[in-house]
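**Student:** Top line first, the protein sequences correspond to chains A and B. Numbering-wise, the numbering used here puts 248 at position 11 of the first sequence, and it's gapless, one number per residue. Numbering-wise, the numbering used here puts 151 at position 80 of the second sequence, and it's gapless, one number per residue. Here a beta-carbon is modelled for each residue, glycine too, at the ideal position from N, C-alpha and C.
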Amino acid sequence: GEQVEQRPPHLSVPEGDSAVIICTYTDSATAYFYWYKQEPGAGLQLLMSVFSNVDRKEEQGLTVLLNKKDKQLSLNLTAAHPGDSAVYFCAALNNYAQGLTFGLGTRVSVFP
Amino acid sequence: AQTIHQWPVAEIKAVGSPLSLGCTIKGKSSPNLYWYWQATGGTLQQLFYSITVGQVESVVQLNLSASRPKDDQFILSTEKLLLSHSGFYLCAWSLGGQENSDYTFGSGTRLLVI
Chain A
238 GEQVEQRPPH LSVPEGDSAV IICTYTDSAT AYFYWYKQEP GAGLQLLMSV FSNVDRKEEQ
298 GLTVLLNKKD KQLSLNLTAA HPGDSAVYFC AALNNYAQGL TFGLGTRVSV FP
Chain B
72 AQTIHQWPVA EIKAVGSPLS LGCTIKGKSS PNLYWYWQAT GGTLQQLFYS ITVGQVESVV
132 QLNLSASRPK DDQFILSTEK LLLSHSGFYL CAWSLGGQEN SDYTFGSGTR LLVI
């Protein structure tokens, strides 16, 4: 089945700077990818979903890039602010389990 | 608008005791439903999914079971809890029959087994 690796596990970002989180996946047939944000003690908030025929998607200060050749998905947070501090997860649609396979998460800390 | 509600919000249970966690989706008929488990500080592991009432498929065996007694309800349970069951349990739904559906998660149930 699908496997997803995510890096880095931790990211400290000065306020106003950008941050990049990278995920690599194994199944070239994966059709959909997702980015979620999890604040302490909370559930998952969907940030963006991306279909595999899309190379780039931008929404509200977030940019997702999909490189199908390298099986790589990235999330770029531009102009980070303290409210962006959270754990971010990438996920790929797992056709076998009819659900999502998640990366291990990246804890982002934005400091003034 | 669709809403997803999980209960209870948190539980502290003794090893060997039974457990029942619930999830209800309102505003959407025939959703696909999912249970995920997250160890403290860890990633999410899919446990079960259900595409229709009365049918549940297991993804990972963790001495847990799931049932879908109604179209809008998904239950996670066990008769005997283990210490390893501690963690955060999340229910999610997606549109049935559509691959391009977003997966929406509930607020989760935090379980501590002592």
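In terms of residue numbering, what span does the beta strand (DSSP E) encompassing VAL291 of chain A cover?
**Tutor:** That residue, VAL291 of chain A, is in no beta strand (DSSP E); it is neither H nor E in DSSP.
**Student:** Decide if the region 143 to 150 of chain B is in contact with the region 81 to 101 of chain B; the criterion is three or more beta carbon pairs, one per stretch, under 8 angstroms apart.
**Tutor:** Taking 8 angstroms as the limit for Cβ pairs, the verdict is that the region 81 to 101 of chain B does touch the region 143 to 150 of chain B.
**Student:** Is SER172 of chain B helix, strand or coil when you go by DSSP?
**Tutor:** SER172 of chain B falls in the coil class under three-state DSSP.
**Student:** Just reading off the beta strand (DSSP E) that THR180 of chain B is part of, what are its end residues?
**Tutor:** It spans 180 to 184 - the beta strand (DSSP E) in which THR180 of chain B sits, taken as one unbroken run.
**Student:** Any residues in the region 261 to 292 of chain A with a beta carbon nearer than 7 angstroms to a beta carbon of chain B? Which ones, in chain order?
**Tutor:** Those would be ALA268, TYR269, TYR271, ALA279, GLY280, LEU281, LEU283, SER286 and PHE288, in chain order.
**Student:** With distances taken between CB atoms, is the gap from LYS241 of chain A to PHE339 of chain A smaller than 8 angstroms?
**Tutor:** Reading off the sequence shown, one finds Val at residue 241 of chain A, where the question assumed Lys. A contact, by the Cβ cut-off of 8 angstroms.
**Student:** Bridge partners for VAL324 of chain A per DSSP, in chain order?
**Tutor:** Paired residue(s): A:GLN275 and A:ARG344.
**Student:** Determine whether the beta carbon atoms of TRP272 of chain A and VAL250 of chain A lie at a separation below 8 angstroms.
**Tutor:** No. Outside cutoff.
**Student:** For the beta strand (DSSP E) that HIS156 of chain B lies in, which residues bound it at each end?
**Tutor:** From DSSP, HIS156 of chain B is part of no beta strand (DSSP E); its letter is neither H nor E.
**Student:** So, for GLN109 of chain B: in the same chain, excluding its five sequence neighbours on each side, which residues have a beta-carbon less than 6 angstroms away from its beta-carbon?
**Tutor:** Cβ neighbours of GLN109 of chain B beyond the five flanking positions: LEU115, GLY158 and PHE159.
**Student:** Roughly how many angstroms lie between the CA atoms of SER155 of chain B and ASN331 of chain A, to the nearest whole one?
**Tutor:** Near 25 angstroms, if we compare the C-alpha coordinates of ASN331 of chain A and SER155 of chain B.
**Student:** Measuring straight from C-alpha to C-alpha, what distance separates GLN73 of chain B and SER165 of chain B?
**Tutor:** Between GLN73 of chain B and SER165 of chain B, the C-alpha separation is close to 11 angstroms.
**Student:** Tell me, which residues are paired with VAL241 of chain A by DSSP?
**Tutor:** VAL241 of chain A pairs with A:TYR262.
**Student:** For PRO79 of chain B, which three-state DSSP category applies?
**Tutor:** PRO79 of chain B: coil per DSSP, three-state reduction.
**Student:** Which chain A residues are close to THR175 of chain B, counting only those with a beta carbon under 8 angstroms from its beta carbon?
**Tutor:** Within chain A, the residues near THR175 of chain B are LEU283.
**Student:** Is there a Cβ from chain B that is less than 8 angstroms from the Cβ of LEU310 of chain A?
**Tutor:** No, no contact with chain B.
**Student:** Just to check my reading of the structure: GLN335 of chain A and ASN103 of chain B have Cβ atoms closer than 8 angstroms, yes? What is that Cβ distance to the nearest angstrom?
**Tutor:** The Cβ separation is near 7 angstroms, so the contact holds.
**Student:** Using C-beta distances below 8 angstroms, list every residue in its chain close to GLN275 of chain A, excluding the 5 sequence neighbours before and after it, in chain order.
**Tutor:** For GLN275 of chain A, where only same-chain residues beyond five positions count, the Cβ hits under 8 angstroms are LEU281, GLN282, ALA323, VAL324, TYR325, PHE326 and GLY342.
**Student:** I'd like the span of the beta strand (DSSP E) that includes GLY87 of chain B, first residue to last.
**Tutor:** No beta strand (DSSP E) holds GLY87 of chain B; DSSP gives it neither H nor E.
**Student:** Please give the ranges of any beta strand (DSSP E) in the region 104 to 135 of chain B, keeping only runs that are unbroken, at least 3 residues long and fully inside the region.
**Tutor:** Correct list: 115 to 123 and 126 to 129.
**Student:** When the distance is taken between beta carbons, is ALA81 of chain B closer than 8 angstroms to THR175 of chain B?
**Tutor:** No; because the gap between Cβ atoms is not below 8 angstroms, this pair is not in contact.
**Student:** Under the DSSP definition of a beta bridge, which residues are partnered with GLY336 of chain A?
**Tutor:** Answer is A:ASN331.
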